[in-house]
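When we follow this note's numbering, the leftmost residue of the sequence shown carries the number 518, and every step to the right adds one.
Even glycine gets a Cβ: it sits at the ideal position worked out from N, Cα and C.
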Amino acid sequence: MGEQVTIEHLFHKSWFRPFGLSTLLLILYAPIGVCLVIVRLFMAIQFFLLACILPPSKIRQKCMRIMSCVLGMTVCSDGDMQPGGKVFVSNHISELDHLAIHLSTNAFTPTKRQIPGIISDSLAMVEIDGDNLTRDDIDSSEEPWLLFPEGEATNGVAGLLSFSAVELPEGLVVQPVALQVSRYFFNPSSLSGSLTQQILISLFVPNTHFAMRFLQPEIVDAEGLWKQKSQAAIAQALNLTTTKFDESDKAEWKKRVFFRPPSLATQARAVQQQLSPHILSTETIIAALQRTGSVEAAVETLRQTCVGSSCGVPPSTFSKNAAQRMMSFQERKRIMVANARQKYIEKHGLNIAG
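Below you can see the structure in the form of structure tokens.
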């Protein structure tokens, strides 16, 4: 890519695309989509029963692939799978990636969630102990494994997260899989999305297409170079950029994107709790919050400006912040001038409006 990829380039903030022709078509399509959701929900029950009844085999794989097409999930693959391959690693885009790749490879994805066996088999997931696959897990399984080294899903448009979320036994042969996901009307993933939303959208749209390409296998080495090689191979196949961002960077950026500062009323209650049992008017507290910009600074300011006045708030230690000290001095000065003016008016019986 021509420009440097930053963390915000790697994710869609919303399911919806920018307003345009796609949005207008979505509005016209909505009644059909709702009908599809209702019909496909009933068919999904049959899909689930079929996945539970049939044992892992080529017949089960073909039946599930046909059923997935009816449910709006189509899969195509390119390249040659490694004969007898035990582990696949892929980039991660949506919550349904593992199921789509399972339809082509019959590979199962490890999970730490406690899921009943009859359900985990239908979801192409297997519960394991620990954070990573062990040699025993790999050797004891009759079916191959599918891993997502990024740890978190991206939008599949700009770049890949660092392949740092998995560790594998040395000497193991893994095959990278380059995955692309496309659908009508909606983005394939969302920063704020959930699995339930992903499923409902997949049932709503006419089709969600998963295209995968099997790349040259890599051998797991002690230095972890296989991760860099696999990441680079997948990035090159998808015309993406490799990055050093990882799942923790996504979590931090997600917090920044969806952070909502507390309202003034909430901050005012927090200030009053810290000044309790002394009662101040809400207007006074809000005015202090607007001047200082934070609960801590407002509490300090109110404690210092109310010294000797009727509010009865005890003084605290002298602020080390020069800006707060100057602000406190100006506020005390304003109060002293206002009190002196009021006493002068009362002493001389002046009638001055305001």
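| said: Which residue marks the beginning of the alpha helix (DSSP H) containing residue 725, and which one marks its end? | reply: As a working mapping, residue 725 is identified with position 208 in the sequence shown. No alpha helix (DSSP H) holds residue 725; the beta strand (DSSP E) holding it covers 725 to 731.
| request: Could you tell me whether the Cβ atoms of residue 568 and residue 681 are closer together than 7 Å? | output: If you number the sequence shown from 1, residue 568 lands on position 51. If you number the sequence shown from 1, residue 681 lands on position 164. Result no, Cβ atoms of residue 568 and residue 681 do not sit closer than 7 Å.
| Rounded C-beta distance between residue 719 and residue 581? I'm assuming under 8 Å. | To locate residue 719, count along the sequence shown from 1; it is residue 202. To locate residue 581, count along the sequence shown from 1; it is residue 64. That pair is no contact at about 15 Å.
| query | Given residue 835, which residues of its chain have a CB within under 6 Å of its CB, disregarding the five upstream and five downstream residues? | reply | The sequence position of residue 835 within the sequence shown is 318, counting from 1. The pLDDT assigned to residue 835 is 45, lower than 50, so where the model puts this residue is not dependable; a value taken from the coordinates is nonetheless given after this. Here the set comprises nothing.
| request: Have a look at residue 752 and residue 815 and give me their C-alpha separation to the nearest angstrom. | output: Mapped onto the sequence shown, residue 752 falls at position 235. Mapped onto the sequence shown, residue 815 falls at position 298. Distance between the alpha carbons of residue 752 and residue 815: 51 Å.
| field | Straight-line gap, residue 762 to residue 819 (C-alpha atoms, nearest Å) | value | Here residue 762 refers to the residue found at position 245 when the sequence shown is read from its first residue. Here residue 819 refers to the residue found at position 302 when the sequence shown is read from its first residue. Roughly 43 Å separates the two Cα atoms.
| message | What would DSSP say about residue 610, mapped onto helix, strand or coil? | response | Here residue 610 refers to the residue found at position 93 of the sequence shown. Residue 610 falls in the coil class under three-state DSSP.
| query | Do you know offhand how far residue 799's Cα is from residue 782's? | reply | As a position in the sequence shown, residue 799 is number 282, starting the count at 1. As a position in the sequence shown, residue 782 is number 265, starting the count at 1. Cα to Cα, residue 799 sits roughly 8 Å from residue 782.
| Given that a residue counts as buried once 16 or more other Cβ atoms are within 10 Å of its Cβ, and exposed if not, what is residue 608? | Reading the sequence shown from its first residue, position 91 is the one you call residue 608. So residue 608 counts as buried.
| request: Buried or exposed for residue 739, please, with buried defined as at least 16 other CB atoms from any protein chain shown within 10 angstroms of its CB. | output: Within the sequence shown, numbered from 1, the residue matching residue 739 stands at position 222. Flag for residue 739 reads exposed.
| request: Would you mind stating whether residue 750 and residue 693 have Cβ atoms separated by less than 7 Å? | output: The count along the sequence shown starts at 1 and reaches residue 750 at position 233. The count along the sequence shown starts at 1 and reaches residue 693 at position 176. With respect to the 7 Å criterion, residue 750 and residue 693 are classified as neighbours on the basis of their beta carbons.
| query | residue 671 and residue 522: beta carbons closer than 7 Å? | reply | For the purposes of this step, residue 671 is taken as residue 154 along the sequence shown, with counting starting at 1. For the purposes of this step, residue 522 is taken as residue 5 along the sequence shown, with counting starting at 1. No, the Cβ-Cβ distance between residue 671 and residue 522 is not below 7 Å.
| said: Comparing C-alpha positions only, which one of 811, 642, 678 and 857 sits nearest to residue 628? | reply: Start at 1 with the first residue of the sequence shown, and residue 628 comes out as number 111. Of 811, 642, 678 and 857, the smallest CA-CA separation from residue 628 is found for 642.
| said: Between the alpha carbons of residue 723 and residue 812, how many angstroms are there, rounded? | reply: Stepping through the sequence shown from its first residue, residue 723 is reached at position 206. Stepping through the sequence shown from its first residue, residue 812 is reached at position 295. Taking the Cα positions, residue 723 is about 51 Å away from residue 812.
| message | Does the segment 613 to 627 come into contact with the segment 649 to 662, if we say contact requires no fewer than three beta-carbon pairs (one atom in each stretch) closer than 8 Å? | response | yes
| Per-residue DSSP class, three states only, for residue 696 | The sequence position of residue 696 within the sequence shown is 179, counting from 1. It is a strand residue.
| field | Close-in-space but distant-in-sequence residues of the same chain around residue 784 (CB under 7 Å, 5 per side omitted) | value | In the sequence shown, counting from the first residue as 1, residue 784 sits at position 267. Closer than 7 Å at Cβ, skipping near neighbours: 806 and 812.
| query | So residue 731 and residue 611 are in contact, right, with Cβ under 8 Å, and what is the actual spacing, rounded? | reply | Reading the sequence shown from its first residue, position 214 is the one you call residue 731. Reading the sequence shown from its first residue, position 94 is the one you call residue 611. Not a contact, Cβ separation roughly 19 Å.
| Name the DSSP beta bridge partners of residue 736, please? | What you label residue 736 is simply residue 219 of the sequence shown in a count that begins at 1. The partner list for residue 736 (beta bridge, DSSP) reads 690.
| query | Would a C-beta distance cut-off of 7 Å place residue 620 and residue 592 closer than the cut-off? | reply | For the purposes of this step, residue 620 is identified with residue 103 of the sequence shown, where counting begins at 1. For the purposes of this step, residue 592 is identified with residue 75 of the sequence shown, where counting begins at 1. It is a contact, given that the beta carbons lie within the stated cut-off.
| Taking Cβ to Cβ, would you say residue 878 is nearer than 7 Å to residue 675? | Limits of the chain in this structure are 518 at one end and 871 at the other, which puts residue 878 out of reach.
| Cβ separation of residue 715 and residue 553, assumed to be a contact under 8 Å, to the nearest whole Å | For this step, residue 715 is matched to residue 198 along the sequence shown. For this step, residue 553 is matched to residue 36 along the sequence shown. Incorrect: roughly 16 Å between the Cβ atoms, too far for contact.
| Considering only the beta carbon of each residue, do residue 704 and residue 529 sit closer than 7 Å? | Translated into the one-based positions of the sequence shown, residue 704 becomes position 187. Translated into the one-based positions of the sequence shown, residue 529 becomes position 12. In this structure, residue 529 lies closer than 7 Å to residue 704 by Cβ.
| query | Under three-state DSSP, which class holds residue 676? | reply | Here residue 676 refers to the residue found at position 159 of the sequence shown. Residue 676: strand per DSSP, three-state reduction.
| request: Could you tell me which of 669, 744 and 655 sits nearest to residue 764, measuring between CA atoms? | output: One-based indexing of the sequence shown puts residue 764 at position 247. Of the candidates 669, 744 and 655, the one whose C-alpha sits nearest the C-alpha of residue 764 is 669.
| message | Please report the distance separating the alpha-carbon of residue 856 from that of residue 767. | response | Mapped onto the sequence shown, residue 856 falls at position 339. Mapped onto the sequence shown, residue 767 falls at position 250. Roughly 54 Å between the two C-alpha positions.
| query | Of the residues 804, 725, 706 and 689, which one's Cα is nearest the Cα of residue 652? | reply | Taking the first residue of the sequence shown as position 1, residue 652 is located at position 135. The candidate whose alpha carbon is nearest that of residue 652 is 689.
| query | Looking at the structure shown, is residue 769 part of a helix, part of a strand, or coil, going by DSSP? | reply | By one-based count along the sequence shown, residue 769 stands at place 252. Looking at residue 769 - three-state DSSP - the assignment turns out to be helix.
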